[in-house]
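Everything below concerns the one structure shown next.
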Amino acid sequence: MTVDGNQLPIALRAAYLALHRKSDALLGSAGVTADQFVLLATLSEGQTLTQRELARRMPSDPSTVRAMLVLLEREGLVLRAPCPTDARARTVALTPAGKRKFRRLWTASEPIRTQMLAGLESHEVQTLIDLLTRIAAALTSGVAAPDALHVPDEG
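When the sequence shown is numbered by our numbering, its final residue is 167 and no position is left out of the sequence of numbers.
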């Protein structure tokens, strides 16, 4: 089998989009997007996080996370408060209603996880997680210099 570096980004994107679309379709009927579900899942671990830490753990853009938090706070699912150790930061935690909603969403989304993992052996799941984690780390370890992104004209 020949390794083609072009296939990896396409395969990753196809898997991400398939999961995102299926999740949006299922969770949309409960009034939650796939991205909001990821946010709730990240907070469901029980820790109170700063908005910046939440964005890092998701991972997502801080301004996108803030926008989602504003909506979820209006719905009573999250509580944002001033950070006791950093006046510039805000902490975020699930409310009791947010915890209940997340548990319902987690149960409702079980068929997606089952379908996603159906094609893998149990040992392959951990290998895939490890590999994706390494890819994410490699891509976030440094930002390419603007000159590195320059593509010369062919003409």
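Quick reminder that beta carbons are idealized off the backbone N, C-alpha and C, glycines included.
Here the structure is a predicted model, which means the values were calculated and not measured.
In DSSP terms, what residue i is bridged to
i            : result
arginine 102 : Pro94
leucine 29   : Partner(s): none; leucine 29 has no beta bridge.
leucine 24   : None, per the DSSP bridge assignment.
threonine 54 : According to DSSP, threonine 54 bridges with nothing at all.
threonine 62 : Thr103
Residue i vs residue j beta-carbon contact at 8 Å
i              : j             : result
valine 104     : threonine 139 : no
methionine 80  : glutamine 127 : no
alanine 101    : arginine 68   : no
leucine 38     : serine 121    : yes
isoleucine 141 : serine 35     : no
glutamate 85   : arginine 92   : yes
Top-ranked residue by Cα proximity to residue i, from the options
i            : options                      : result
glutamate 87 : Glu136, Gly43, Ile22, Leu39  : Gly43
threonine 97 : Val137, Leu144, Ser35, Thr62 : Thr62
arginine 112 : Ser56, Ser41, Glu136         : Ser56
alanine 23   : Leu144, Arg125, Val82, Ser41 : Leu144
arginine 115 : Gly17, Leu89, Val77          : Leu89
alanine 46   : Pro94, Cys95, Trp118         : Trp118
glycine 58   : Glu133, Leu132, Gly110       : Gly110
Residue i: first and last residue of the uninterrupted alpha helix (DSSP H) it sits in
i              : result
leucine 143    : 134-152
methionine 80  : 74-86
isoleucine 126 : In the sequence on display, residue 126 carries threonine and not isoleucine. Run containing threonine 126: 122-129, per the alpha helix (DSSP H) assignment.
Inset, instruction - Pair every Cβ in the stretch 103-118 with every Cβ in the stretch 47-56, then say whether three or more of these pairs are closer than 8 Å. - result: yes
Inset, instruction - Could you say if the stretch 72-91 and the stretch 23-41 meet the contact criterion of at least three C-beta pairs nearer than 8 Å? - result: no
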